[in-house]
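Worksheet: the structure to be examined is printed underneath.
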Amino acid sequence: MSLPFLPGSSTNRNLGKERFHKSQHFDYSNGVPMLVGSEKPGIGGELLVGQKIKPKYSVYPKGQGSDVASWVAFDKQVLCFEAFCEEAAHGPQEEMTRIRKCKIYFYLEDDTIQVVEPHLKNSALLQGTLIRRHRIPLPPPDDEQFYNVFHFNLNQQMVLYSRTFTVTSCDSFTRNFLTKLGVILNEPATVPDDPYSKLREQIQKNMNPLRPYERRDTLKQFLDHDGQVLRFYCVWDDTESVFGDPQELTLHYFLADDTIEIRAVAAPNSGRDATSKFLRRCKLPKNGPAQLKLPGQSTDRTMLNVFDSKSQGKRFILDSIKPGAVHEEFYKDCDLTVGGEVNVFGRRVLIADCDDFTKDYYRSKYGIEDFTPIQLKAPAAPKPPRLVPPYNGFGSEEDSLSSCRGLLPKPPQKDFRKFMEKDRYGLDSNVLSFHAKMVTTDPVDSERVFIISFYLCDDSITVFEPPQRNSGVLGGRFLERGRVKKPGQELFKSERSQYFEAQDLYVGATICLNNQNFLLLDADEYTFSYMEQHAEEFPKANVGNILSKLRSAPEEKQSEMRKFLTLSDPGNTGIIPYESLRGLLMNLDCGLSEHELLVLGRSLCEHEQPEADVGLMLAVAQDFLRKKNFDAFPDMTRALMHRDRYKTGRLSTKETRTICKGSRLPVPESLLGGLLSKFADEDEIDYHAFVAGINWLENPAPPVRPDDTLKFDVNTRSDNSWSSVKNINYSALLGEIFPSSVGDPAAAAST
Numbered sequence: 007m008s009l010p011f012l013p014g015s016s017t018n019r020n021l022g023k024e025r026f027h028k029s030q031h032f033d034y035s036n037g038v039p040m041l042v043g044s045e046k047p048g049i050g051g052e053l054l055v056g057q058k059i060k061p062k063y064s065v066y067p068k069g070q071g072s073d074v075a076s077w078v079a080f081d082k083q084v085l086c087f088e089a090f091c092e093e094a095a096h097g098p099q100e101e102m103t104r105i106r107k108c109k110i111y112f113y114l115e116d117d118t119i120q121v122v123e124p125h126l127k128n129s130a131l132l133q134g135t136l137i138r139r140h141r142i143p144l145p146p147p148d149d150e151q152f153y154n155v156f157h158f159n160l161n162q163q164m165v166l167y168s169r170t171f172t173v174t175s176c177d178s179f180t181r182n183f184l185t186k187l188g189v190i191l192n193e194p195a196t197v198p199d200d201p202y203s204k205l206r207e208q209i210q211k212n213m214n215p216l217r218p219y220e221r222r223d224t225l226k227q228f229l230d231h232d233g234q235v236l237r238f239y240c241v242w243d244d245t246e247s248v249f250g251d252p253q254e255l256t257l258h259y260f261l262a263d264d265t266i267e268i269r270a271v272a273a274p275n276s277g278r279d280a281t282s283k284f285l286r287r288c289k290l291p292k293n294g295p296a297q298l299k300l301p302g303q304s305t306d307r308t309m310l311n312v313f314d315s316k317s318q319g320k321r322f323i324l325d326s327i328k329p330g331a332v333h334e335e336f337y338k339d340c341d342l343t344v345g346g347e348v349n350v351f352g353r354r355v356l357i358a359d360c361d362d363f364t365k366d367y368y369r370s371k372y373g374i375e376d377f378t379p380i381q382l383k384a385p386a387a388p389k390p391p392r393l394v395p396p397y398n399g400f401g402s403e404e405d406s407l408s409s410c411r412g413l414l415p416k417p418p419q420k421d422f423r424k425f426m427e428k429d430r431y432g433l434d435s436n437v438l439s440f441h442a443k444m445v446t447t448d449p450v451d452s453e454r455v456f457i458i459s460f461y462l463c464d465d466s467i468t469v470f471e472p473p474q475r476n477s478g479v480l481g482g483r484f485l486e487r488g489r490v491k492k493p494g495q496e497l498f499k500s501e502r503s504q505y506f507e508a509q510d511l512y513v514g515a516t517i518c519l520n521n522q523n524f525l526l527l528d529a530d531e532y533t534f535s536y537m538e539q540h541a542e543e544f545p546k547a548n549v550g551n552i553l554s555k556l557r558s559a560p561e562e563k564q565s566e567m568r569k570f571l572t573l574s575d576p577g578n579t580g581i582i583p584y585e586s587l588r589g590l591l592m593n594l595d596c597g598l599s600e601h602e603l604l605v606l607g608r609s610l611c612e613h614e615q616p617e618a619d620v621g622l623m624l625a626v627a628q629d630f631l632r633k634k635n636f637d638a639f640p641d642m643t644r645a646l647m648h649r650d651r652y653k654t655g656r657l658s659t660k661e662t663r664t665i666c667k668g669s670r671l672p673v674p675e676s677l678l679g680g681l682l683s684k685f686a687d688e689d690e691i692d693y694h695a696f697v698a699g700i701n702w703l704e705n706p707a708p709p710v711r712p713d714d715t716l717k718f719d720v721n722t723r724s725d726n727s728w729s730s731v732k733n734i735n736y737s738a739l740l741g742e743i744f745p746s747s748v749g750d751p752a753a754a755a756s757t
């Protein structure tokens, strides 16, 4: 009885089925419609009636094993089998059959097979990959199927493309893998001997001499002395031949293999062709032969022909007695000495000198100390001096001089190294600035103020006149930047003119710039600091030289100096005004210039700077930032964190200052430097705390008074002001000049 065709009562084959596509069976090939899908399945991938599909990759049915794809589960897992094949040999009579050993690799990821034959020396066969990696079909009539892992076993034959391979053994991984699959492996088989290979081994054994040759180990010498070459300077006297003359040579002795190479030294305008080598690199015999030997006449080994047979072939054996060996002496390092001769195939070469490495080698190995060179030719005559013509007035002196040094004039070369070292770098301008005035009787010009700048990168000078109100003189550039000649020099002369240098400019000096005298009155703080830091270049800023001049003063001047210094300080505080010391030294005429007096006063000056309040400085900085509407604090923090490679939260003072300048932080330089010094801890700054302190948006500070803001104004002269020395610690000066009066200023007055 059949069930009614009602929902839930009838079976539907399409229940749970998701694929209903139909494979394409027809297509055009070369413009002809034809059936191309005879092996394709039907609707939804189901097989048609009587249709069979070839297995593609794995032999495991769907649903068994892990869900991982085979190319992932069996990646880089290969089964290795040892095998051999036997083939007929159609070559010589001694070889009828040939046994070829090979390896069969089965790749588990895609069931591909590769057959490789190891290379055998002197086999004369094309070895290597016999069958490239791919899926190999089974032999007919099962050629529609492919080899899989269950077709492999030991001691069995496999037909791969009509060639029969016998599997003999496998490695441990292959054995364990097949055993886990349930394959029962047979016993390993033995590989039969190759008749021709066995015959070759017997012939090779019979060719050994009765006694071995002497072993010559040259590897140690090569490893110990590779790259070490002895160099000798030699001369070959060829004056006996027609048009012959002495010829200079360079002999190279290679310690790695005791070979010698000789190169000819071609002097300029000698008339000789530039030859690469006088003697190629070889072992040089001591006794040059009268006639060179033919190729093969002198060999290290001698082969004896035992017999020659058509059936047995030729037989050779090494000569163990060596009756035809030729013993020849070659030059060694012990035969080469300064003053000795070398026979270079009949040419007598005299060794005149050697280099320093060669001298050290002979001194350490043979203990030779005498390396007196041989003078072979008279010393060269001194070249006559080249007189430089006088300057003609066209162009600069350097340009005119360069036209006299060659046929092709070249522009004069500037000191590029000095330019790179002394050019502006960061906050170091490398410019010396002096405050000067004109030396003149004109009352108008005598009141004019000038700033003379000396650029250390190219020794150029520029003069600028600051504009003054109601002076009647227009300020601005007074002298264009350039090098200035010293006065009193002849214009048309052969010697080069002298220009003003950095040592010629100091406070108190009078310089003449284009027929106008200027008196240097003062210098800025950077100029004094630079000259004091480079005291070896500027004698006027060397405190040691200044104290030496004071110590060398006569005794009466020293007594007057001690008495005046003591009387100028009735309270015994050890401090007097600078003007008192300056007037004393100027009246005593100790030979000190104004610049030296200022340097001495700066070294003894009492620096009294009040300690600034960090809170006040942060409040003033926030006031500046608030007025400029600066709010780029997140960008500034990101820049600081980007520079912090190790994420420690700390950066150096120099890097923090650079980022602040790059962020265009509108804070005066003096205030920024003070804040960085306050936040610095061993030249490292906690930049998070620094940014949080100046962030007026998140951490606002109380308002400040205008007087507090003026202390850190942009126009403050705390860093760039002209020198001002007020009080002098004269007790330290007495200690430097008169060590006996240290600690007792009153005792200095008793003379």
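Following the working numbering, the numbering of the sequence shown begins with 7 at its first residue and continues without gaps.
Beta carbons: idealized from backbone N, C-alpha and C, even for Gly.
Remember, predicted model here, so these are calculated numbers, not experimental data.
Opening and closing residue of the beta strand (DSSP E) in which residue i lies
i, result
"Tyr461", "Phe456 to Tyr461"
"His441", "Val437 to Met444"
"Ser315", "Met309 to Ser315"
"Ala625", "Note, Ala625: premise wrong, no beta strand (DSSP E); alpha helix (DSSP H) at Val620 to Lys633."
"Val241", "Val235 to Trp242"
"Lys186", "Per DSSP, Lys186 belongs to no beta strand (DSSP E); it is in the alpha helix (DSSP H), Ser178 to Lys186."
"Glu403", "Counting along the chain, Glu403 falls outside any beta strand (DSSP E), though it belongs to the alpha helix (DSSP H) covering Glu403 to Ser408."
"Gly488", "Gly482 to Gly488"
Helix, strand or coil at residue i [DSSP, three-state]
i, result
"Tyr818", "In the structure displayed, the chain extends from 7 to 757; residue 818 sits before or after that span and is not available."
"Tyr34", "strand"
"Arg141", "coil"
"Glu742", "helix"
"Leu225", "helix"
"His258", "strand"
"Cys666", "helix"
"Val469", "strand"
"Thr643", "helix"
"Val121", "strand"
"Gln163", "strand"
"Asn721", "At Asn721 the pLDDT is 41, less than 50, meaning the model places this residue with poor confidence; the figure from the coordinates comes in the next sentence. Coil, per DSSP."
"Arg392", "coil"
"Arg502", "coil"
"Ser477", "coil"
"Leu356", "strand"
Proximity to residue i [Cα-Cα], best of the options
i, options, result
"Lys499", "Leu594, Val469, Phe400 and Lys420", "Phe400"
"Asp33", "Asn154, Gln253 and Ser44", "Ser44"
"Ile374", "Asp339, Val348 and Lys383", "Asp339"
"Glu704", "Leu290, Leu631, Asn192 and Lys443", "Leu631"
"Ala625", "Phe90, Thr378, Val549 and Pro706", "Pro706"
"Gly494", "Val84, Val455, Ile517 and Lys667", "Ile517"
"Val731", "Leu681, Leu606, Glu690 and Trp702", "Leu606"
"Gly580", "Arg321, Gly589 and Arg568", "Arg568"
"Gly655", "Val697, Lys667, Glu501 and Leu342", "Val697"
"Val490", "Glu742, Asn521 and Val513", "Asn521"
"Leu229", "Gly319, Glu150 and Leu261", "Leu261"
"Leu126", "Thr103, Lys107, Phe544 and Glu501", "Lys107"
"Asp451", "Phe524, Leu497 and Gly432", "Phe524"
Delimiting residues of the alpha helix (DSSP H) encompassing residue i
i, result
"Met592", "Tyr584 to Leu594"
"Tyr202", "Pro201 to Asn212"
"Glu561", "Glu561 to Leu573"
"Tyr693", "Tyr693 to Ile700"
"Thr364", "Asp362 to Lys371"
"Ile268", "No alpha helix (DSSP H) contains Ile268, which is instead part of the beta strand (DSSP E) from Thr265 to Ala270."
CB contact below 9 Å: residue i versus chain D
i, result
"Leu21", "No chain D is part of this structure, which consists of one protein chain only."
Exposure of residue i, with buried meaning 16 or more beta-carbon neighbours within 10 Å
i, result
"Ser737", "buried"
"Val479", "exposed"
"Leu131", "exposed"
"Asn721", "Confidence at Asn721 is low in this model, with a pLDDT of 41, below 50, so its placement is unreliable and no value can be given for it."
"Thr135", "exposed"
"Ser178", "exposed"
Item to complete: Count the CB pairs spanning the segment 658-673 and the segment 580-588 that are closer than 8 Å, and state whether there are at least three.
Response: no
Discussion item. I'd like to know if the segment 548-567 and the segment 446-459 are in contact, where contact means that at least 3 CB-CB pairs between them fall below 8 Å.
Written reply: no
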